[in-house]
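Below is one structure, written out as structure tokens, with a few remarks after it.
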Amino acid sequence: MEIPEKLLKPYSPSKTEGRIYELWEESGYFNPDNLPARHNEPFSIVLPPPNATGTLHIGGAIMTVIEDIMVRYKRMQGFKTLWLPGTDHAAIATNSKVEKIMQKEESKSRHDIGREAFVARVEKFVEENRGALKHQISRMGASLDWSREAFTFDEKRNVGVRTAFKRMYDAGLIYRGNRIVNWDPKGQTTISDDEIVYEERTARLYTFKYSKDFPIAISTTRPETKVGDTAVAVHPDDERYKQYVGKEYDLEFAGAKLHIKIVADEAVDPEFGTGALGVTPAHSQIDADIATRHKLPTIQVINEFAKMTDAAGPLIAGQKVLHAHEMVEDWLWGKGLLQPEDIKDIKQNIATAERTGGVIEPLPKLQWFVNVNKTIPERGDKTLKELMQDAVKVGGIKFLPERFENVYFNWINNLRDWCISRQIWYGHRIPVWYKGDELYVGVEAPEGGDWTQDDDTLDTWFSSGLWTFSTLGWPEETPDLKLYHPTDVLETGYDLIFFWVARMILMSQFLVGEVPFKTVYLHGLVRNDKGEKISKSLGGNVDPIEIADTWGTDALRMALIVGVGPGSDSKLSNEKLKAYKNFANKLWNMARFVMEHEASNAKFKTQNSKLIQELDEIVKDVTLDMDNYRFYLAAEKIYAFTWHEFADIYIEEAKKTGDPEKFCALHFAFCDLLKLLHPFMPFITEEIWQTMRGGKTILMIEEWPV
RNA sequence: GGGCGGUUAGCUCAGUUGGUAGAGCAUUGUCUUGACGUGACAAGGGUCAGAGGUUCGAAUCCUCUACCGCCCACCA
């Protein structure tokens with residue numbers, strides 16, 4: 017056989033990859049509707065939608081690669097394989113990113129340009145980014161069905177979100193309530209419990225009495241909030257304070273008039289500080305809980321701008337929280353209520369907002385919530401919490417690695433009602449309209465004038481939670497939805513268990529009445545040579561496209577996969593990339609050798625060939641690994657066999673003996689090895705296949721060897 | 001305060017149900033052999049964190065300890 021010119025030179029990814037991806041796209045086989053008839057049984061994965069804010073980072077690359085491996089494997093096995101792409105509008109992330117850009121470039125805030133102009137601006141930004149993102153995902157070799165591409169904020173998904181809201185509202189699972197929320201003064205919005213990042217800081221713990229006459233000393237790190245106190249709580253068994261429980265005191269503290277009741281509550285730790293807790297119901301979740309139990313009044317003394325309200329009293333009203341802190345401290349010194357020994361440094365976890373870094377200020381606010389503890393008659397009187405537990409306990413969802421199931425259950429046990437309304441502008445507007453005292457909830461705006469829609473938008477995870485079925489056409493009963501839902505595998509990073517995996521289970525269990533997926537494969541974080549976290553926010557950015565340019569996409573894929581089991585963090589090093597780049601070239605030369613020595617006329621008996629016997633073993637072994645999601649092992653095994661058995665032993669042997677039967681066996685085995693390798697190194701294997709077969713068939717849909 | 005993960009060759013990591021340790025890279029030596037020097041052959045290198053236990057036998061199971069890392073939690 018004549019050897020093409022290109023095989024005489026080293027393998028060139030840059031001259032190959034674009035052309036091969038086009039070949040695949042033109043074949044139409046990314047779309048399961050176009051697959052040959054043997055592809056019957058469905059297999060589906062939805063791509064975790066990358067944020068439309070930016071470029072593909074290394075975490076997005078590993079996600080893409082793992083899923084592409086699964087999908088290519090299943091497609092070759094004959095499944096009607098759908099891998100559905102999309103992007104996430106990532107409401108809060110995008111909103112704050114555009115705000116940052118505007119602040120930096122024009123020193124303007126979103127309030128300066130108004131809602132409409134701001135949203136238009138964000139949409140423009142998103143449109144520019146989405147195209148780039150698609151290109152980058154394709155560069156990884158992703159065999160995604162682009163004809164079904166979705167966006168969490170497109171019209172169809174919008175209908176899905178409004179429908180979900182309406183159905184949950186009608187079922188009493190969504191309610192509007194005045195409760196303590198996590199307020200981010202910097203981002204000017206509420207955030208959910210999961211969007212809080214705790215930072216350890218040293219804080220000063222002050223111990224003092226409200227006034228000379230008050231019998232009990234309290235401890236606090238935030239004296240300025242004490243103007244909002246309505247009680248002092250002690251442990252019921254605390255002998256020191258038993259005589260005071262039930263008594264009430266009127267006093268003046270830092271210019272504010274307080275009415276303090278002494279209450280006994282189990283939540284108080286008698287060992288901490290003085291064992292007495294000044295209860296500030298408006299600005300602490302635990303205090304709010306105590307206040308509810310003891311029917312205490314709530315006084316809001318801090319506003320949305322982290323300034324003291326008028327209720328804080330004339331001394332500090334209008335002051336910023338930090339300044340008020342100093343003023344109250346000064347007041348305490350001046351009144352002789354504080355001595356140097358009353359101030360201690362303690363370690364404290366301070367709550368900050370994930371996106372803006374702003375210090376969270378708990379505030380009472382009228383917001384929308386998802387009730388996770390309400391029983392649902394149409395779902396067997398279970399609560400959302402229980403439905404989420406059932407999905408894993410009896411619904412058959414398996415986590416990989418299994419240990420994350422405990423993490424999941426632990427999260428559910430601690431779950432409170434989910435605050436879903438946000439005061440940012442970019443996102444799904446809450447489908448609620450008001451007219452006077454009337455309230456209307458609907459998929460579309462109510463008929464007639466005078467209705468005003470709720471200003472708030474929904475938590476971005478509300479729409480992400482619908483992703484497995486909103487992408488398939490829900491709420492319509494589409495053929496796609498019937499065929500591909502529940503999806504087979506959900507593959508994502510373990511850091512998204514709470515944000516996303518749990519929310520998808522919640523939404524699917526209630527809205528569709530089934531689990532959203534059967535297996536959850538969780539990948540770890542990719543770190544650099546030094547073991548540091550590679551992330552956009554921390555700098556030290558590693559661009560997967562740059563790596564693919566330098567080493568070839570196939571080498572990058574192998575480097576990301578080999579030796580990296582689910583759930584474990586990994587390191588990406590140049591040594592590893594080099595090793596697999598070399599492997600690609602080795603494979604290239606094997607192809608040349610096999611083609612040069614093709615002995616198509618020779619007869620050979622496979623049962624007599626040791627190579628073929630060993631090949632059978634490796635096929636069985638690798639197939640078992642693939643079925644059990646051990647891609648890191650499968651890849652390594654094929655690599656080792658191809659190089660160190662097939663090439664080092666069998667090619668050398670054939671060279672020495674010149675036996676035509678041996679060359680024939682080589683040819684046969686090499687074709688199977690290309691198939692085994694294809695999910696991992698799709699570009700070079702397809703390129704070799706095309707060269708050997710003269711473009712007659714396409715490796716992507718060849719049958720997986722058995 | 002709970003929970004989880006890690007600790008195996010210089011480096012990065014495998015080791016699926018327990019049977020006297022493996023890979024890649026790195027190091028050293030040999031090979032200017034027409035598939036490939038991005039190669040081949042070969043060599044060196046580990047008391048599998050420590051202690052105890054179960055077992056005929058443990059890197060692998062159990063207990064404890066140490067260090068590193070992560071997650072969760074309403075100690076104000």
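Heads up: the first sequence runs through residues 17 to 722, numbered per my numbering.
Each residue gets a CB set at the ideal place from its N, CA and C atoms; glycine is no exception.
Predicted model only: the values in this text are computed from it and were never measured.
A contact between stretches requires three or more CB pairs, one per stretch, nearer than 8 Å, and the segment 628-643 fails this requirement with the segment 707-717. Within the segment 666-715, the complete alpha helix (DSSP H) segments of 4 residues or longer fall at 668-673, 676-693 and 698-709, listed in chain order. For Y456, there is no enclosing alpha helix (DSSP H); the residue is found in the beta strand (DSSP E) stretching over E454 to V457. By the Cβ criterion, the segment 250-263 is not in contact with the segment 362-380, since fewer than three pairs of Cβ atoms, one from each stretch, lie closer than 8 Å.
Below 8 Å, enough C-beta pairs join the segment 99-117 and the segment 168-186 to call them touching: three or more. Around the beta-carbon of F288, fewer than 16 other beta-carbon atoms lie within 10 Å, marking it exposed.
Between the segment 151-160 and the segment 58-78 there are three or more inter-stretch CB-CB distances shorter than 8 Å, so the stretches are counted as touching. Note on the segment 152-204: whole alpha helix (DSSP H) runs with a minimum of 4 residues are 171-186, in chain order.
A check of alpha carbon separations from D209 across W199, G203, R217 and E216 identifies W199 as the nearest.
According to the DSSP assignment, A272 belongs to no alpha helix (DSSP H) but to the beta strand (DSSP E) extending over A272 to A280.
In the DSSP assignment, K626 falls within the alpha helix (DSSP H) that extends over K626 to D643. Here the alpha carbon of T658 sits roughly 12 Å from the alpha carbon of N605. A residue is called buried when at least 16 other Cβ atoms come within 10 angstroms of its Cβ; H127 does not meet this threshold and is exposed. As far as DSSP is concerned, Y500 takes part in no beta bridge.
Counting along the chain, T494 sits inside no beta strand (DSSP E), nor does DSSP assign it H or E at all. Contact check for D358 against Y222 passes: the beta carbons are separated by less than 8 Å. Annotation for S235: the continuous beta strand (DSSP E) segment containing it runs I234 to T236. The residues W477, S480 and G481, in chain order, have a CB closer than 7 Å to that of R519 in the same chain once the five nearest residues on each side in sequence are set aside. Under DSSP, K414 takes part in a beta bridge, and its partners are T535. Straight through space, the alpha carbons of M156 and K597 are spaced by roughly 15 Å. For F609, the CB contacts under 7 Å within the same chain, skipping 5 residues up- and downstream, are I667 in chain order.
When C-beta atoms of the segment 560-571 are compared with those of the segment 522-530, fewer than three pairs fall below 8 Å, so the two segments do not count as touching. Under the three-state reduction of DSSP output, N50 falls in the helix class. A68 is a Cβ neighbour of A106, given a cutoff of 8 Å. Burial check for D433: the Cβ neighbour count within 10 Å reaches 16 or more, so the residue is buried.
When secondary structure is reduced to three states using DSSP, T241 falls in the helix class. The C-beta distance from Q469 to R438 rounds to 15 Å, too long to fall under 8 Å, and the pair is not in contact. Its chain contains E669 and A670 as the residues whose beta carbon lies nearer than 7 Å to that of K678, once the 5 sequence neighbours on both sides are disregarded; these appear in chain order. The continuous stretches of alpha helix (DSSP H) do not include A328, and DSSP gives it neither H nor E. When secondary structure is reduced to three states using DSSP, D229 falls in the coil class, being assigned neither helix nor strand. Counting of Cβ neighbours within 10 angstroms places V722 among the exposed residues, the total staying below 16. Excluding sequence positions up to five before and after V81, its CB lies within less than 7 Å of the CB of M156, R573, L576 and I577, all in the same chain and listed in chain order.
Pairing G412 with T372, the inter-Cα distance amounts to about 38 Å. Selection F515, A298, F647 and Y265 evaluated against I212 yields F515 as nearest (Cα-Cα). With respect to the 8 Å criterion, V317 and G244 are classified as neighbours on the basis of their beta carbons. Remark: C-beta atoms of D84 and S159 approach each other more closely than 8 Å.
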